[in-house]
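K.L.:
Note that the protein sequences, when read in sequence, are chains B and S.
In terms of the working numbering, the first sequence opens at residue 1 and continues consecutively.
In terms of the working numbering, the second sequence opens at residue 104 and continues consecutively.
Just so it is clear, CB atoms sit at the ideal spot from N, CA and C, and this is done for glycine as well.
Would you mind keeping the following structure in view while I ask a few things?
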Amino acid sequence: MMKILFERTGGFMGRKISLHLNLDDLPSDQAGTLKHLLDEVDFLNLEEDKSASLYARDAFHYLVRVETEKIRHSVHVTDLSMPAALRPLIEELSRLARTKNSQ
Amino acid sequence: MHAHCSILCITPPHILREIARNGTPAQQEVAQRTLLTSASLQAKRSSMGGRLAASLRAIVVGGKDRTVYDAKNGTSLPGVKVRGEGDPASLDPAVNEAYDGSGITYDLYLNAFGRNSIDNNGLKLNSTVHYQKGYDNAFWDGEQMVYGDGDEDLPVSERLFNRFTKSLDVIAHELTHGVTQYEANLNYFAQPGALNESMSDVFGSLVKQYQRAQIADAADWIIGEGLFTENVNGVGIRSMKAPGTAYDDPVLGKDPQPGHMRDYVNTIEDNGGVHINSGIPNHAFYVVARELGGFAWEKAGAIWYKALTDKLQSTSSFTDAANLTFQAATELYGSGSLEEQAVKTGWTEVGIDIGVPSENEGCFTSVMRAIGFIK
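What follows is the structure, given as structure tokens:
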């Protein structure tokens, strides 16, 4: 079992979008893509909270939480504090959340 | 606030003007900056006379220095330079919008308030367009403006947002975050954060009105006009005239902004609701501008600018802002003036009385209030 919670808050509009995924319920290619992106960034070993630039205004804040039977790990980042290796995962989750929220 | 520590500080203005016209290029630059700084300080102490603004326009040579970069859908900032100051227009509309938008914003700050760029010292105006892919946002990173292209990566029928340079007030909003950073430096949480956001909306709207030569009654007071695609039922992101009415859409929901203190939203999200509760000071400004009539940047804008640059502090609350804009109106236009009365009316209409002592909260109290732990 693997679940992903994704939340994006802040931004110029201050609007929150979110996504709850159970990888067991996703088509295998989509689940595989997400698992690959999590592995690529070694997600479970990422620092949990990377603070934003002191003067950044209107940037997005992101929360990604991954849960398995054994472990639960959350990472908070902003557009400016995000490690480059995490960006493909955030972009994919953002796309899925925006698609879900536009339907 | 910036000062030049040189002999030019004590040089009479008429000699500085001569140096600005006839000195070597380096002397001209220093003299122009010194004149701008002292003129700006004078402007803050006076009523922003048109003569001063005209003399400032005459001496500023090369004060506006814009560069637009292209992130090419990546996230490295600033990206590849695509247009510099004075370069011909690009074939890319986002590049031209960022260039023209930062230019008209610079012009309003200079012509109405005697301010030379973000830091009042000629700071370069750097913008990056095409940030990331499917990035429905714009932000100020502490040094420059950054714009995404909206939902360009989704099918047309699913897109909610256009590119963020499309709206002039968004550009002016982001640039104003820079001005605030160099002036009151309002904390980005709870009420100081909402004031920070409101200042950006106020000057964002004023730039749009300035470009259109609109008086207060003719303006739409909408922030983010043109950002939504035709799939959205809304006119923009926020309404200063009627907070909470900018959009009401099956996907986006309803505009959550309050326009009165009785509807203040306590939340931990969005840095304590900085984009939500900004509706309250936004509406106060709108009422002041409505009461005074004419071009909103001339009086209401001058009062707010004086408060932002001379009076507000990083921890200022809404009550502080009410009292300090009232003070600014008194200093600019006199005790018992119509302008002073208009400021009082503006804050009263949003449920804030002038003259009530401020309860400046510490960070801990602000957080506790934001999450609803205390009332």
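Grab the span of the beta strand (DSSP E) containing arginine 186 of chain S for me, first residue to last.
P.N.:
Arginine 186 of chain S -> beta strand (DSSP E) spans 183–187.
K.L.:
In whole angstroms, give me the CA-to-CA distance for lysine 3 of chain B and valine 41 of chain B.
P.N.:
Answer to the nearest angstrom: the Cα atoms are 17 Å apart.
K.L.:
Residues of the region 261–282 of chain S with a CB closer than 8 Å to any CB of chain B: list them in chain order, please.
P.N.:
Correct list: Glu261, Arg262, Leu263, Phe267, Val273, His276, Glu277 and His280.
K.L.:
From which residue to which residue does the alpha helix (DSSP H) around alanine 392 of chain S run?
P.N.:
Start and end: 382–395.
K.L.:
Judging by CA-CA distance, which residue of S:Leu309, S:Tyr209, S:Val185 and S:Asp239 is the nearest neighbour of methionine 98 of chain B?
P.N.:
Looking at the sequence shown, residue 98 of chain B is not methionine but arginine. The shortest Cα separation from arginine 98 of chain B among S:Leu309, S:Tyr209, S:Val185 and S:Asp239 belongs to S:Asp239.
K.L.:
Under three-state DSSP, which class holds serine 141 of chain S?
P.N.:
Below a pLDDT of 50, predicted positions are generally treated as unreliable, and serine 141 of chain S, at 41, falls in that range; no measurement from the model is reported.
K.L.:
Who are threonine 99 of chain B's beta bridge partners in DSSP?
P.N.:
Looking at the DSSP assignment, threonine 99 of chain B forms no beta bridge with any residue, so it has no partner.
K.L.:
Looking at the secondary structure, which residues open and close the alpha helix (DSSP H) in which phenylalanine 429 of chain S lies?
P.N.:
Its alpha helix (DSSP H) spans residues 421–436.
K.L.:
Is the beta carbon of leucine 411 of chain S sitting closer than 9 Å to the one on alanine 287 of chain S?
P.N.:
Yes, the pair counts as a contact, with Cβ atoms nearer than the cut-off.
K.L.:
Mind checking which residues open and close the beta strand (DSSP E) that includes alanine 319 of chain S?
P.N.:
It is not in any beta strand (DSSP E) - alanine 319 of chain S carries neither H nor E in the DSSP assignment.
K.L.:
Bridge partners for leucine 19 of chain B per DSSP, in chain order?
P.N.:
Its beta-bridge partners are B:Phe6.
K.L.:
Taking methionine 1 of chain B as part of the beta strand (DSSP E), name the residues at either end of that continuous run.
P.N.:
Unbroken run through methionine 1 of chain B: none, as it is neither H nor E.
K.L.:
Within the continuous alpha helix (DSSP H) that includes alanine 297 of chain S, where are the two ends?
P.N.:
Counting along the chain, the alpha helix (DSSP H) containing alanine 297 of chain S begins and ends at 293–315.
K.L.:
I'd like to know if the region 256–266 of chain S and the region 291–311 of chain S are in contact, where contact means that at least 3 CB-CB pairs between them fall below 8 Å.
P.N.:
Result no; under three Cβ-Cβ pairs closer than 8 Å.
K.L.:
Where in the region 13–76 of chain B do unbroken runs of the beta strand (DSSP E), each at least 3 residues long, occur, reported from the N-terminal end onward?
P.N.:
Runs of the beta strand (DSSP E) inside the region 13–76 of chain B: 17–22 and 60–68.
K.L.:
Mark alanine 134 of chain S as exposed unless 16 or more other C-beta atoms lie within 10 angstroms of its C-beta, in which case mark it buried.
P.N.:
Here alanine 134 of chain S scores only 43 on pLDDT, less than 50, and its place in the model should not be relied on; the value that follows carries that caveat. Per the 10 Å Cβ criterion, buried.
K.L.:
Between S:Arg341, S:Asn369 and S:Val453, which lies nearest to isoleucine 383 of chain S when the distance is taken from Cα to Cα?
P.N.:
Nearest of S:Arg341, S:Asn369 and S:Val453 to isoleucine 383 of chain S, Cα basis: S:Val453.
K.L.:
By how many angstroms is the C-alpha of proline 191 of chain S removed from the C-alpha of glutamate 372 of chain S?
P.N.:
The alpha-carbon atoms of glutamate 372 of chain S and proline 191 of chain S are separated by roughly 43 Å.
K.L.:
Using DSSP with H/G/I as helix, E/B as strand and the rest coil, what is aspartate 272 of chain S?
P.N.:
Correct three-state label for aspartate 272 of chain S: helix.
K.L.:
Leaving out five residues before and five after glutamate 92 of chain B in sequence, what residues of the same chain have Cβ atoms less than 8 Å from its Cβ?
P.N.:
Taken in chain order, the residues that qualify are Thr33, Leu34 and Leu37.
K.L.:
Exposed or buried, what is alanine 319 of chain S when buried is set at 16 or more other beta-carbons lying within 10 Å of its beta-carbon?
P.N.:
Result: buried.
K.L.:
Which residues bound the beta strand (DSSP E) around tryptophan 324 of chain S?
P.N.:
Counting along the chain, tryptophan 324 of chain S falls outside any beta strand (DSSP E), and DSSP gives it neither H nor E.
K.L.:
Does any residue of chain B have a CB that is nearer than 9 Å to the CB of glutamate 299 of chain S?
P.N.:
The residue you asked about is not glutamate; residue 299 of chain S is asparagine in the sequence shown. True, the Cβ-Cβ gap to chain B drops below 9 Å.
K.L.:
If you draw a straight line from the C-alpha of glycine 153 of chain S to the C-alpha of lysine 311 of chain S, how long is it?
P.N.:
At glycine 153 of chain S the pLDDT is 39, less than 50, meaning the model places this residue with poor confidence and gives no usable figure here.
K.L.:
Output needed for threonine 279 of chain S: all residues of its chain with C-beta closer than 7 Å, excluding positions within five of it in sequence on either side, in chain order.
P.N.:
Within the same chain, threonine 279 of chain S has close Cβ partners Met302, Ser303, Phe306 and Gly307.
K.L.:
Given 8 Å as the limit, tell me if leucine 19 of chain B has its C-beta closer than that to any heavy atom belonging to the ligand GDP.
P.N.:
Ligands in the displayed structure: none, and consequently the ligand GDP is not present.
K.L.:
Using a Cβ cut-off of 8 Å, pull out every chain S residue sitting near serine 53 of chain B, in sequence order please.
P.N.:
Result: Asp244 and Gly245.
K.L.:
Of the choices S:Asp203, S:Pro295, S:Asp168 and S:Glu300, whose alpha-carbon is the least far from that of glycine 11 of chain B?
P.N.:
Cα-wise, what sits closest to glycine 11 of chain B is S:Glu300.
K.L.:
Do we get a CB-CB distance below 9 Å when we pair leucine 80 of chain B with the residues of chain S?
P.N.:
Judged by the 9 Å Cβ criterion, leucine 80 of chain B is in contact with chain S.
K.L.:
In three-state DSSP terms, what is serine 220 of chain S?
P.N.:
Coil, per DSSP.
K.L.:
Listed from N- to C-terminal order along the chain, which residues in the region 83–99 of chain B have their beta-carbon within a distance smaller than 9 Å of any beta-carbon of chain S?
P.N.:
Taking 9 Å as the Cβ-Cβ cut-off against chain S, the residues of the region 83–99 of chain B that qualify are Ala84, Arg87, Glu91, Ser94, Arg95, Arg98 and Thr99.
K.L.:
Return the first residue and the last residue of the alpha helix (DSSP H) that asparagine 334 of chain S is part of.
P.N.:
Per DSSP, asparagine 334 of chain S belongs to no alpha helix (DSSP H) and is neither H nor E.
K.L.:
For alanine 349 of chain S versus glycine 356 of chain S, is the C-beta spacing smaller than 9 Å?
P.N.:
No, they are not a contact pair.
K.L.:
List the DSSP bridge partners of tyrosine 250 of chain S.
P.N.:
According to DSSP, which records beta bridges pairwise, tyrosine 250 of chain S is partnered with S:Ala241.
K.L.:
Hey, how far is the Cα of aspartate 87 of chain B from the Cα of glutamate 47 of chain B?
P.N.:
Checking the displayed sequence, the identity of residue 87 of chain B turns out to be arginine instead of aspartate. Each residue's alpha carbon lies about 14 Å from the other.
K.L.:
Using only CA atoms, which one of B:Asn45, B:Pro27, B:Val77 and B:Ile71 lies nearest to valine 64 of chain B?
P.N.:
Cα-wise, what sits closest to valine 64 of chain B is B:Val77.
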